[in-house]
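Residue numbers (the numbering used here), protein chains in the order written: chain H, 851 to 1193; chain V, 1319 to 1717; chain E, 34 to 286. Read the structure below first, then the notes.
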Amino acid sequence: MDAIFLQILNGLDKGSAYALIALGLTLIFGTLGVVNFAHGALFMIGAFCAVTFSQILTLSHKATEPTGTDFLGNPKFDDIMYVHEWFGQSTGDWMIDWAVPLSILFTVPVMIAIGFIMERGLIKHFYNRPHADQILVTFGLAILLGELIKYFYGANPYPTPAPAAFAGSFDFGAMLGFDPNTIIYPYWRLIYFCFAAVVIGAVFAFLQFTTFGMVVRAGMADRETVGLLGINIDKRFTIMFGIAAAVTGMAGAMYAPINSPNYNMGMDFLVLSFVVVVVGGMGSLPGAVLAGFLLGIVESFASMGAVLEVIPGINQIIIYLVAIIILLTRPRGLLGRAGVMED
Amino acid sequence: MLGLTKRDAGLLAIVAALCIFAPFILNPFPEGSGMAQFNAGYPDLMQRLVIFGIFAIGFNILFGLTGYLSFGHAAFLGVGSYAAIWMMKLLTMNVIPAIIISVLVAGLFSLLVGYISLRRSGIYFSILTLAFAQMSYALAYSVLTPITGGETGLQPKYTDPRILDGALEGGATPQANLFGLSMKSSTELNIGDWVFTFNAGYYIAAFVMLIAFYLSIRIFRSPFGMMLRAVKSNQQRMNYTGLNSKPYTLAAFVISGMYAGLAGGLLVAMDTQVGAERMFWTASGEVVIMTILGGAGTLIGPVLGAGLIKYMENIVSKINKTVLEQWFAFMPDGIEDLLVTLVYPFVGKGWHLTLGLVFMLVVIFLPGGLVEGGSRVGNMFRRKKTDTDTPAGKTTPAE
Amino acid sequence: MGILEVKNVNKRFGGLQALGNVNLSVAENTVHAIIGPNGAGKSTLLNCLVGKLIPDTGSVMFDGKSVLGRKPFEINQMGISRVFQTPEIFGDLSVMENMLIPCFAKRDGGFSMHAIGSVDTEKDVVEKAKKMLEDMKLYDKRDMHASSMSRGDKRRLEIAMCLSQEPRLLLLDEPTAGMARADTNNTIDLLKQIKEERDITICIIEHDMHVVFSLAERITVLAQGTPLVEDTPDKIKGHPKVKEAYLGETQEV
């Protein structure tokens, strides 16, 4: 029992990431009808927003007054961090420690800006071109973005720690009444899951309860008709693209402590999140979320030692297997609407 | 000639001439000059040019004719490679059995993948093939390590059984050969300061490429090829014309899979090694890029695209900061620095950046690829000369 | 016994009874029209005949053989060709190639691996396609992209493609929808000519009464998924039930 519970917990953090990326992917596909192969790159850029933000926090300048002499007797100038100077020593240290959560404040505007530029500059011109062209051009963009990040940040992963308060693990099982020391769970993974739940909830609430969201949902159902009503749907879709980029970027930023960002991670997550969208049902937001968590958990079960003994390496391919089976037996996916991209 | 129209025979002759004279064409700079490092006429690169040409020609039969965009073709190339290397380990270092088995195994594998993937079309098909390719990669990289060598890959070893070959002399490394002619054997020709290398492996690969190209011309001109274009154009009409589109697309898929396997087998024949990275989905993406860049659906396009990409990869990755500084040295210092800074990310290790950019530009501005670009330029000149307008709809796709 | 026998066909979409107990018999070598107001189930019926839809109950026999459960391409090979409301042709291909494809399909069946021989060497098929284009006055346009032709020419090409398969039954789904009067008249003349020259049964679904009464020998009126009456054009013209169906003068509505 506790082993099963542990695997479910283990699947949650990866599942959260899948769900968030797939949510963004579905928003874009559902509203704009565009198949975005550069979506993984947005996740990766989000992760590097966290890296960049923590680098910005540790920017420093040389002190103007010498603070002493070095061993050669020359006057020595200490590096002084701007955060220390501006916010004081203790607040500054706290900010550096909490760089990853704080970086959300930085990630969101950056990602929205990138989303706007991408949509206005590129995607807009591909609304009426075949899906193959959309796939191809966004595929090119994905390569380009990945390589740009590689140029500026290098090929090695950037370890980006979570705040010290959440660095360790805790005995989650004991809290829930299992035997002590059976379910040890890292704090940050739990935080990530809660964060994902909040973001997903916010997106759904936004779509459900605002006029803007209503128009977007109507547009997802029938774009032409909404356009005929005289509503400027294009402008709203641009904003939607920005939101999708922000959701995906946040997912990437918060994932940085779990998986050290590197320029290639976009591609890895892209393939998986596409699989998630397809399993959930193209164009279905609840489907994307459900499938994200489901596949995360399935993957974690497949990684259990007992399972691996029977079928070695099944954890590496289980998601693809599930996707292939789903596509063949229920092409519209778990929660997809009938007739949407079913052929 | 050979059952081809004059025009197609001409095309084949041009490609053949390019292949034969490639050692000259790719080595324009004299040895010892500053530009000598940009010579591309060395065996390893020339082999890759034609082998990836085969890969792209095959991919074009699927994507160019039927419009089904596969993102998993590297898997077939990889499977072909593994099959070939096992032939070399178990049977003989002669490349013929290795190449034959690589085509067969890739064909069988693509039959399986195609049978399942082709139950869906459009973007679903792309994602299914992608999923299969990633699965194959994961299998090759870790799960099937006993067969694939996992991370380290496979190479023929001294200790392999090789039942058809006699025992090697002590310590000799096994060499891929064609009835004793080593793939690595080369002749050099010195003319003045120039050095040209003629490599046995290259000419064998080029010969295979010409056969592959010839077959693709025949397929394009055949009723079967016309049916494949009908699949792309209007499946509904096709079904209501009494034609079953499924076996047509499956046949195209398997043929292109066999081409990929052939390319994989030849790669092994040339460098006698294989690793799982050959199957990664970016490798599948690369063949897509080659085909589109050259011109999907045209005969010569994929050959041009594959050649150009592999050639540019070689040239661009050799440019470094010093070279850039030399090039821009004639400019005022400020502008020189600026240009070097701007161009530098795109050269050397930044080759993939250039590749991504070129790819986007082609898809955006020139979806028909170089061939379409060429015919557009050609039309512009022709129009100026004769000053007569050809009606827009009447331009037939160039080959 | 007609060449096409539809018996007790029912088809529901969720709560909507699209077809209710449809019986229809189309006699060989006649022109049979199916008319009816919007939503009468004409298209649903047609789709059941060609294998796009499968009826919930009932049977559809063509020339004594059931078509149910067969795929569209198989039904086509049995001898039923379909002309669509908006011309379905191979837009990216040349007019000649458009013509060649059905000719190959007629000769070689649903699938054949003629992957090596050139199209041009298949003299019999090429000659047949050429002759068909000449008959249809499309030969001058043989090298054009099919998509760049006028709508009237596209329709003409589509009919030519269907005829080249030598079908025994030609189904036309509102062949003159959206056409100018002149094009409509041309199409009528074309169909009349086809009828005169060949042994062929034509089943036409149409909105335009002018077309129907110029061509049809028998007419079935469909309303709310059920055949109302079936008779000769003269009888149908003054039939009160038909007026009801078209003008909505019934008590129930």
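Yeah, the Cβ is synthetic: ideal placement off N, Cα and C, and Gly gets one too. Quantities reported herein were computed from a predicted structural model and do not represent experimental measurements.
* Mind reading off the beta-carbon distance from Val1586/V to Ala1416/V? Whole number of angstroms is fine, and I expect it under 8 angstroms. => 6 angstroms
Along chain V, which residues have their Cβ under 9 angstroms away from the Cβ of Phe106/E? Met1556, Asn1557, Tyr1558, Thr1559, Gly1560, Leu1561, Asn1562, Ser1563
| request: Give the interface partners of Leu998/H over in chain C, defined as CB-CB distance under 7 angstroms, in chain order. | output: No chain C is present in this structure, whose protein chains are H, V and E.
If you measure from the beta carbon of His65/E to each beta carbon in chain V, is any gap under 8 angstroms? no
### Task
Can you give me the start and stop residues for the alpha helix (DSSP H) that Leu1657/V sits inside?
1651-1661
Worksheet item: Which of helix, strand or coil does DSSP assign to Lys926/H?
Response: strand
With DSSP collapsed to three states, give me the class of Ile967/H. helix
Practice item. Ignore the nearest five residues each way along the sequence and tell me which others in Thr1567/V's own chain have a CB closer than 7 angstroms to its CB. Key: Thr1384, Tyr1386, Leu1436, Val1549
Next on the checklist: Give me the chain E residues within the contact set of Tyr1566/V, using Cβ-Cβ distance strictly less than 8 angstroms, ordered along the chain.
Outcome noted: Phe144
Taking the CB atoms as reference points, tell me whether Gly69/E and Val254/E lie closer together than 8 angstroms.
yes
Practice item. For Leu1457/V, go through chain H and note every residue whose CB falls closer than 8 angstroms to its CB, in chain order. Key: Gly1163, Gln1166, Ile1167
**Study point:** Arg1366/V classed as buried or exposed, judged by whether at least 16 other C-beta atoms fall within 10 angstroms
**Key:** buried
Below 8 angstroms on C-beta distance, what does Tyr1001/H contact in chain V?
Pro1663, Gly1668, Leu1671
task: For Ala1017/H, name the three-state secondary structure that DSSP assigns.
output: coil
**OP:** Can you give me the start and stop residues for the beta strand (DSSP E) that Ser114/E sits inside?
**Re:** 113-116
- Task: Determine the burial state of Trp936/H: buried for a count of at least 16 other Cβ atoms within 10 Å of its Cβ, exposed for fewer.
- Result: exposed
(request) Could you tell me which chain V residues have their CB closer than 7 angstroms to the CB of Arg201/E, listed as they occur along the chain? (result) Chain V residues near Arg201/E: none, gap ~13 angstroms exceeds 7 angstroms.
Residue burial classification, Thr1061/H (beta-carbon count within 10 angstroms, cutoff 16) | exposed
When the distance is taken between beta carbons, is Phe1381/V closer than 8 angstroms to Ala1581/V?
no
Proximity of Val1126/H and Gln984/H at Cβ, strictly below 8 angstroms:
no
Item checked: Phe1028/H (DSSP reduced to helix, strand or coil) -> coil
_Run through chain E and tell me which residues come within less than 7 angstroms of Phe1542/V, C-beta to C-beta._
Met146, His147, Ala148
C-beta contact flag for His889/H and Ser1123/H at 8 angstroms: yes
- Following the continuous beta strand (DSSP E) through Ala1614/V, name the residue where it begins and the one where it ends. Segment: none, Ala1614/V is in no beta strand (DSSP E) and carries neither H nor E.
Where Lys1550/V meets chain E, residues with beta-carbon distance less than 8 angstroms
Asp125
- Contact between the region 100-115 of chain E and the region 1554-1574 of chain V (3+ Cβ pairs under 8 angstroms): yes
### Sequence-distant residues of the same chain with beta carbon closer than 7 angstroms to Leu1158/H, five excluded per side
Ile1164, Asn1165
Applying a beta-carbon distance threshold of less than 7 angstroms, which residues of chain V neighbour His981/H?
Gly1440, Ile1441
| message | Residues in the same chain with beta-carbon distance under 6 angstroms from Ser1574/V, minus the five sequence neighbours each way, listed in chain order, please. | response | Gly1376, Phe1377, Ile1379, Leu1380
query = Can you find a C-beta in chain H that's less than 8 angstroms from the C-beta of Ala1601/V?
reply = no
Check: Which residues, in chain order, does the region 889-903 of chain H contribute to contact with chain V at a C-beta distance below 7 angstroms?
Finding: none
8 angstroms Cβ cutoff met for Met165/E and Lys174/E
no
* Distance, Cα to Cα, Tyr1003/H vs Pro1136/H? -> 36 angstroms
* Asked: Nearest CA to the CA of Phe927/H: which residue from Lys912/H, Ala1141/H, Ser940/H?
  -> Lys912/H
- According to a CB-to-CB cut-off of less than 7 angstroms, which residues of the region 1564-1598 of chain V neighbour chain E? Pro1565, Tyr1566, Ala1569
I need the straight-line Cα distance from Ala1716/V to Ser1150/H, nearest angstrom please.
The predicted model places Ala1716/V with a pLDDT of 44, which falls under 50 and marks its position as unreliable, so this point remains unresolved.
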